[in-house]
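Residue numbers (our numbering), protein chains in the order written: chain A, 1 to 114; chain B, 1 to 110.
Right, here's the structure in full:
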């Protein structure tokens, strides 16, 4: 398996623009997580899905952020409109299930909002 | 709210030294504690701990969990420059949610 695949790897955009980050989890993994990492706040959980259903979105900063998982092999995280404080590395991770052990992380999408 | 606290925040040592990294937690419905190493990219898995007092080892790295006192330690013996990284502690709750600490940045000098 190729592992968790994220795109784009880098994105530079201007304030007010819409940003869409994409993730393909490892096949057969039932859980998918979106994390955001910054120097100031570390690795924060934004939202996670179980079998394509959002379980906990309490970490989503505000209404400008939304996430979807239309099927087992694809998820998106959208920011509209983007702001400079959204600049961060966004990681997607997947897991076979509760108690199964490690999270398998993608390489991350580095977002810079000017 | 689940909480994971790591200490120290950063550490600078010389090759050959032994280091101990700490992780304490407050989590509802604890299931497991995991350690990850993060170099320049994504975190990579080191250990998963579910039971108190059982040491997990992998080469020069070892870790143990105390579920009564709610903490874990990660030991690295005979450190090498390649051990320089951010070490992250995460706690998984029963619902599958993993909460991470802020990490310990370890720098190993030649």
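C-beta atoms are modelled at their ideal positions from N, C-alpha and C, and glycine is treated no differently.
Pairwise C-alpha distance: residue j and residue i
| i | j | result |
| --- | --- | --- |
| residue 57 of chain B | residue 21 of chain B | 15 Å |
| residue 106 of chain A | residue 30 of chain B | 25 Å |
| residue 112 of chain A | residue 101 of chain A | 32 Å |
| residue 6 of chain B | residue 72 of chain B | 10 Å |
| residue 9 of chain A | residue 36 of chain A | 14 Å |
| residue 13 of chain A | residue 87 of chain A | 10 Å |
Contact under 7 Å by Cβ, residue i with residue j
| i | j | result |
| --- | --- | --- |
| residue 72 of chain A | residue 50 of chain A | no |
| residue 106 of chain B | residue 11 of chain B | yes |
| residue 20 of chain A | residue 78 of chain A | yes |
| residue 39 of chain B | residue 108 of chain B | no |
| residue 60 of chain B | residue 78 of chain B | yes |
| residue 97 of chain B | residue 57 of chain A | no |
Nearest-angstrom beta carbon gap, residue j and residue i [assumed within contact, 8 Å]
| i | j | result |
| --- | --- | --- |
| residue 25 of chain B | residue 70 of chain B | 5 Å |
| residue 4 of chain B | residue 89 of chain B | 6 Å |
| residue 109 of chain A | residue 31 of chain A | Not a contact, Cβ separation roughly 19 Å. |
| residue 46 of chain A | residue 59 of chain A | 5 Å |
| residue 45 of chain B | residue 42 of chain A | Going by Cβ atoms, the distance from residue 45 of chain B to residue 42 of chain A rounds to 18 Å, so no, they are not a contact pair. |
From the options, residue whose alpha carbon lies closest to that of residue i
| i | options | result |
| --- | --- | --- |
| residue 61 of chain A | A/75, A/81 and A/17 | A/81 |
| residue 67 of chain B | B/17, B/1, B/23 and B/18 | B/23 |
* For the stretch 77-108 of chain B, enumerate the residues whose C-beta is nearer than 9 Å to any C-beta of chain A, in chain order. => Those would be 88, 90, 92, 93, 94, 95, 96, 97, 98, 99, 100, 101, 102 and 103, in chain order.
* Looking at chain A, which residues of the stretch 34-46 of chain B have a Cβ within less than 7 Å of any of its Cβ atoms? -> Cβ contacts with chain A: 34, 41, 42, 43 and 45.
* Closer than 9 Å, Cβ to Cβ, to anything on chain A: give me those residues from the stretch 17-35 of chain B, in chain order. => The residues in question are 31, 32 and 34.
* To do: Using a Cβ-Cβ cut-off of less than 7 Å, list which residues of the stretch 47-62 of chain A approach chain B; keep chain order.
  => 48, 50, 55 and 56: these are the residues of the stretch 47-62 of chain A whose beta carbon lies less than 7 Å from some beta carbon of chain B, given in chain order.
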